[in-house]
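Each remark here refers to the structure printed beneath this line.
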Amino acid sequence: MIWAIIAIGFLVPVAVGLLTRFPPMIAGFLWPAIVAIGTAIYIYGIETRAPGEDPQKIAITFFALFSLAGGVPGGLVGWILQHRRQANPALDRDI
Numbered sequence: 001m002i003w004a005i006i007a008i009g010f011l012v013p014v015a016v017g018l019l020t021r022f023p024p025m026i027a028g029f030l031w032p033a034i035v036a037i038g039t040a041i042y043i044y045g046i047e048t049r050a051p052g053e054d055p056q057k058i059a060i061t062f063f064a065l066f067s068l069a070g071g072v073p074g075g076l077v078g079w080i081l082q083h084r085r086q087a088n089p090a091l092d093r094d095i
């Protein structure tokens with residue numbers, strides 16, 4: 001599951017950079033925040049716990065860090081691809 005979080009964290013900024021004009025580096029840094037918020041919603045709202053058991057709050061940090069490990073390089077790759085596409089309009093045509 002951790003590799004999936006890293007891979008998705010890498011692909012989201014690349015896709016954002018290629019499909020929109022939104023800066024991929026910002027998307028790479030926003031992705032961990034989205035993952036952390038989603039994890040917090042799951043841990044505090046959806047997860048079933050035994051009576052008296054504390055929520056696993058450390059999971060929020062770990063999932064956010066792993067998505068950051070994929071999001072930052074993905075943002076860089078997305079930025080490079082977006083920059084090349086804007087510099088060479090021939091790459092933007094449908095072939």
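95 is the number that UniProt numbering gives the last residue of the sequence shown; the numbers go up by one with no jumps.
Where is the CB? At the ideal position from N, CA and C, for every residue including glycine.
Q: Taking LEU30 as the reference, give the member of ILE80, GLY75, ALA87 with the closest Cα.
A: Nearest of ILE80, GLY75, ALA87 to LEU30, Cα basis: GLY75.
(Q) Can you tell me whether PRO51 is buried or exposed? The criterion is at least 16 other CB atoms within 10 Å of its CB, across all chains shown. (A) exposed
(Q) Tell me the rounded alpha-carbon separation between ILE41 and VAL35. (A) 10 angstroms
Q: Starting from the C-beta of residue 97, find all residues in its chain whose C-beta is less than 8 angstroms away, skip the five residues before and the five after it, and write them out in chain order.
A: Examination of residue 97 is not possible in this model, given that the chain is present from 1 through 95 alone.
Q.
Going by DSSP, what residue range makes up the alpha helix (DSSP H) through ARG85?
A. 58 to 87
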